[in-house]
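K.L.:
Position one of the sequence shown corresponds to residue 2 (this note's numbering), numbered consecutively onward. For every residue, glycine included, the Cβ atom is placed at its ideal position computed from N, Cα and C. To start, I am sharing the structure in question, which I have written as structure tokens.
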Amino acid sequence: MKLPILLALSCYAYGVIAQDLDASLLSSRLKEIKQSIGIDHLQEEFNKLPFTTKTGNGTKLLADIQDKLAASLVRFKNVLDAVKDEVFQNENRFTTQTTLPHCCAKPGTYVYDPKIQKRACVTRSPSSSSDAKYPHNTVSDIMKTQYDQNKNVLWQHYGTLEGVSIIYPSTYWNDCYNYDPRFRSAFAATASPKDKDVVILIDSSSSMKQISGVTSKSKMIIAKEAARTVIETLNPNDRVAVISFSSGVTVPTGDPNHDCYKDTLSFASKTNIDKLQEFVSLYIQESNTGNTNFENVLIKAFTYLGSTNDNVDVSTRDQVILFLTDGGSNEGRDPREVISDENAKLQNRVIMFTYLLGPGATNEMKQQLREMATQAKSRWSYGNIREGHFTYVDQNQHGRLSMELATFYVHLHVPSRHVNTNQVFSIPYVDPFSERGRYFIFYPMRFDESNITVSRFNL
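Laid out in structure tokens, this is it:
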């Protein structure tokens with residue numbers, strides 16, 4: 002086989018016509034160029050290379066590829082196993098302090114070069130509590146060993162439900178101080194592996210104009226921030242809808258070519274996420290009425306969840322309503338009865354999560370929202386009732402609303418203690434550390450009811 006050669010010549014010869022060219026001279030010069038750049042030598046070396054004639058047996062080729070991929074995945078699993086074992090062996094040595102460097106302390110001019118990295122670095126979300134704990138520092142040594150022995154492993158990341166991250170190799174990235182592993186769709190998909198259908202309901206009655214416990218932000222502003230965080234947390238196999246409500250309901254209208262947002266769940270693709278984020282940011286506004294009708298918005302939410310798609314098997318999905326308000330219903334039917342009637346049509350498969358913003362919430366309001374979450378008036382004869390979760394967010398906790406709403410998934414499917422044996426191999430996500438698309442492999446792990454962690458690396 003001859004090596005292909007591409008030679009580009011740029012000629013600027015004024016007053017020269019083709020018949021004046023000396024073909025022999027040109028040929029001689031081209032041979033000299035070929036010899037000078039070593040083409041003949043390269044050809045000789047190329048001819049020495051061994052080769053195997055491939056047959057047209059596609060089945061065998063596919064089997065070979067499958068075997069090699071399986072072997073690679075086993076090696077990658079061993080990387081996670083090593084980190085997981087180190088973490089659990091030292092779980093009694095978790096502390097609120099660490100001697101590992103903080104990722105955010107790196108200068109902005111830092112250039113990533115894994116060859117010179119010696120240690121991991123840590124981050125802690127600004128919404129983490131002061132008693133959030135770090136794993137023992139020896140996890141850094143294990144990560145380095147696995148990195149050195151596995152050339153296809155680019156990053157290793159250990160994140161916790163408390164908002165703590167350990168990252169190897171140590172690096173700095175934009176917006177490091179605001180990084181929170183819990184709000185990454187890949188983290189959520191691992192902590193709760195089942196695909197989800199999520200309908201977000203946001204109270205837009207006039208009381209949401211009141212100032213929140215977060216400086217210079219109204220209740221509506223923090224509610225919208227929380228809704229946007231939930232949307233960003235979803236993975237592309239999840240489906241989502243957003244509704245605002247007071248006495249009536251407001252839904253996205255989309256555009257003339259895409260009006261499905263007003264009555265159909267949308268897969269959480271980038272295009273759909275962008276449209277729903279725009280709706281939340283620009284079109285959800287406080288109304289001028291103080292009336293709040295839970296009945297209308299609940300019926301609309303269940304309509305979304307009951308919308309059909311021949312390509313989606315809802316029996317394999319978690320269907321969830323996230324209901325955010327700052328008060329009780331003062332119009333329409335009892336919302337607990339509405340939930341009972343509407344969920345019965347869907348074999349009770351929908352789970353309710355309710356969030357009540359203080360201050361000013363009465364015990365009666367709290368009881369109503371709590372019983373909406375537990376579905377106190379639903380009937381078992383229509384299917385098993387999956388209780389959701391009620392969260393009261395007092396004014397001094399308003400800064401945690403995004404975290405409370407976006408981590409609803411921890412109440413769905415909690416991995417068994419220590420480790421779920423099923424790893425999660427992700428679709429490509431944009432790596433926040435290098436801002437490039439990567440594949441990730443994850444392990445969901447758990448220490449107790451309140452501390453779920455995810456160990457991952459990316460390829």
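(1) Indicate the three-state DSSP secondary structure (helix, strand or coil) for Phe267 in the structure shown.
(2) If you compare alpha carbons, which of Ile167, Thr146, Arg318 and Lys225 is closest to Phe406?
(3) Among His412, Tyr393, Met221 and Ala121, which has the Cα closest to the Cα of Leu101?
(4) Assign Tyr111 to buried or exposed, taking buried as 16 or more other Cβ atoms, counted over all protein chains shown, within 10 Å of its Cβ.
(5) Locate the alpha helix (DSSP H) running through His333, then write down its first and last residues.
(6) Between the stretch 92–101 and the stretch 130–145, do three or more beta carbon pairs fall short of 8 Å?
(7) Taking the C-alpha atoms as reference points, what is the distance between Asn1 and Gln147?
(8) Less than 8 Å separating the beta-carbons of Ile203 and His399?
(9) Specify the secondary structure class of Val88 as computed by DSSP and reduced to three states.
(10) Tell me whether the beta-carbon of Arg229 lies closer than 8 Å to the beta-carbon of Ser267.
(11) Verify whether the separation of the beta carbon atoms of Val298 and Gln320 is less than 8 Å.
(12) Please report the Cβ distance between Gly329 and Met373, rounded to the nearest whole angstrom; I am assuming they are in contact, meaning their Cβ atoms lie under 8 Å.
(13) Name the DSSP bridge partner or partners of Asn294?
(14) Note the first and the last residue of the continuous alpha helix (DSSP H) segment covering Phe47.
(15) DSSP beta-bridge partners for Ser219?
(16) Look at Gly467 and Asn349 and say whether their C-beta atoms are less than 8 Å apart.
(17) Does the stretch 388–402 touch the stretch 354–366, meaning 3 or more C-beta pairs lie closer than 8 Å?
(18) Can you tell me which of the three DSSP states Val252 falls into?
(19) What is the DSSP secondary structure of Val82, counted as helix, strand or coil?
(20) By DSSP, does Ala470 sit in helix, in strand, or in coil?
(21) List, from N- to C-terminal side, the beta strand (DSSP E) runs of 3 residues or more that fit wholly inside the stretch 114–165.
(22) For Thr375, would you say it is in contact with chain D, using Cβ-to-Cβ distances shorter than 8 Å as the test?
(23) Got a sec, what are the start and stop residues for the beta strand (DSSP E) Phe280 sits in?
(24) For the beta strand (DSSP E) containing Ile34, list its first residue and its last residue.
(25) Give a yes or no on contact between the stretch 273–291 and the stretch 203–222, applying the rule of three or more CB pairs nearer than 8 Å.
(26) Which whole-angstrom value describes the C-beta separation of Thr234 and Phe184, a residue pair presumed to lie in contact below a C-beta threshold of 8 Å?
(27) Alpha carbon to alpha carbon, how far is Met144 from Leu462? Give it in angstroms, no decimals.
(28) What does the alpha-carbon distance come out to for the pair Thr375 and Gly333?
(29) Using the Cα positions of Ser248 and Thr124, report the straight-line distance between them to the nearest angstrom.
(30) Let me check one thing: in DSSP terms, what residues is Met353 bridge-paired to?
(31) How big is the Cα-Cα spacing for Ile168 and Leu74?
(32) Take the Cβ of Lys195 as the centre, count every other Cβ of all protein chains shown within 10 Å, and call the residue buried at 16 or more, exposed below.
(33) Is Leu70 buried or exposed, if buried means 16 or more other CB atoms sit within 10 Å of its CB?
(34) Return the CA-CA distance between Pro237 and Lys263, expressed in angstroms with no decimal places.
(35) Bridge partners of Asp198, per DSSP?
(36) Starting from Phe391, trace the beta strand (DSSP E) both ways and give me its first and last residue.
P.N.:
Working from what's here:
(1) For the purposes of this step, residue 267 is taken as residue 266 along the sequence shown, with counting starting at 1. Reading off the sequence, residue 267 comes out as Ser, not Phe. Reduced to three states, the DSSP call for Ser267 is strand.
(2) Translated into positions along the sequence shown, residue 406 becomes position 405. What sits at residue 406 in the sequence shown is Leu, not Phe. Minimum Cα distance to Leu406 is reached at Lys225.
(3) Here residue 101 is taken as the residue at index 100 of the sequence shown, counted from 1. Looking at the Cα atoms, Ala121 is the closest of the given residues.
(4) Residue numbering aside, residue 111 sits at position 110 when the sequence shown is read from its first letter. A caution first: Tyr111 carries a pLDDT of 49, below 50, which makes its placement in the model unreliable, though a value can still be read off. The residue in question, Tyr111, is exposed, as its Cβ has fewer than 16 Cβ neighbours within 10 Å.
(5) Working through the sequence shown from its first residue, we reach residue 333 at position 332. Note that residue 333 is Gly in the sequence shown, not His. Gly333 -> no alpha helix (DSSP H), and no H or E assigned at all.
(6) yes
(7) In the structure displayed, the chain extends from 2 to 460; residue 1 sits before or after that span and is not available.
(8) Here the question's residue 203 lines up with position 202 in the sequence shown. Here the question's residue 399 lines up with position 398 in the sequence shown. Their beta carbons are not under 8 Å apart, which means Ile203 does not touch His399 by this criterion.
(9) On the sequence shown, position 87 is the one that residue 88 refers to. DSSP places Val88 in helix when its eight states are reduced to three.
(10) Here residue 229 corresponds to residue number 228 of the sequence shown, with the count starting at 1. Here residue 267 corresponds to residue number 266 of the sequence shown, with the count starting at 1. No, they are not a contact pair.
(11) As a working note, residue 298 is residue 297 in the sequence shown. As a working note, residue 320 is residue 319 in the sequence shown. For Val298 and Gln320, no; Cβs fall outside 8 Å.
(12) As a first step, residue 329 is located in the sequence shown; it is residue number 328 there, counting from the start. As a first step, residue 373 is located in the sequence shown; it is residue number 372 there, counting from the start. 10 Å between Cβ atoms; not a contact.
(13) The residue given as residue 294 occupies position 293 in the sequence shown. DSSP output for Asn294 lists Glu332 as bridge partner(s).
(14) Within the sequence shown, the letter at position 46 stands for residue 47. Start and end: Ile40 to Lys49.
(15) Looking up residue 219 in the sequence shown gives position 218. In the DSSP output, where bridge partners are listed per residue, Ser219 has Ile212.
(16) Missing from the structure shown is residue 467; the chain here goes from 2 to 460 and no further.
(17) yes
(18) Against the sequence shown, residue 252 aligns to sequence position 251. Correct three-state label for Val252: coil.
(19) Here residue 82 refers to the residue found at position 81 when the sequence shown is read from its first residue. Residue 82 is actually Asp in this sequence, not Val. In the structure shown, Asp82 sits in a helix (DSSP, three-state: H, G or I).
(20) With the chain running from 2 to 460 in the structure shown, residue 470 is simply not present.
(21) 122–125 and 156–161
(22) Within the model displayed, chain D is absent; a lone protein chain is all it includes.
(23) Position 279 of the sequence shown holds residue 280. First-last for Phe280: undefined, no H or E at that position.
(24) Position 33 of the sequence shown, counting from 1, holds the residue named residue 34. Note, Ile34: premise wrong, no beta strand (DSSP E); alpha helix (DSSP H) at Ala24 to Ser37.
(25) yes
(26) Walking along the sequence shown from the start, residue 234 turns up at place 233. Walking along the sequence shown from the start, residue 184 turns up at place 183. Their Cβ separation, rounded to whole angstroms, is 6 Å, which keeps Thr234 and Phe184 in contact under 8 Å.
(27) Outside the shown range of the chain (2 to 460) lies residue 462, about which nothing can therefore be said.
(28) The sequence position of residue 375 within the sequence shown is 374, counting from 1. The sequence position of residue 333 within the sequence shown is 332, counting from 1. The straight-line gap from Cα to Cα measures roughly 20 Å.
(29) As a first step, residue 248 is located in the sequence shown; it is residue number 247 there, counting from the start. As a first step, residue 124 is located in the sequence shown; it is residue number 123 there, counting from the start. About 43 Å.
(30) Residue numbering aside, residue 353 sits at position 352 when the sequence shown is read from its first letter. Ile322, per the DSSP bridge assignment.
(31) Along the sequence shown, read from residue 1 onward, the residue named residue 168 stands at position 167. Along the sequence shown, read from residue 1 onward, the residue named residue 74 stands at position 73. Answer to the nearest angstrom: the Cα atoms are 21 Å apart.
(32) For the purposes of this step, residue 195 is taken as residue 194 along the sequence shown, with counting starting at 1. Flag for Lys195 reads exposed.
(33) Here residue 70 corresponds to residue number 69 of the sequence shown, with the count starting at 1. Exposed, by the Cβ-count rule.
(34) Your numbering for residue 237 matches position 236 in the sequence shown. Your numbering for residue 263 matches position 262 in the sequence shown. Using only the alpha carbons, I get a separation of about 19 Å.
(35) Looking up residue 198 in the sequence shown gives position 197. In the DSSP output, where bridge partners are listed per residue, Asp198 has Arg240 and Gln320.
(36) In the sequence shown, counting from the first residue as 1, residue 391 sits at position 390. Run containing Phe391: His390 to Val394, per the beta strand (DSSP E) assignment.
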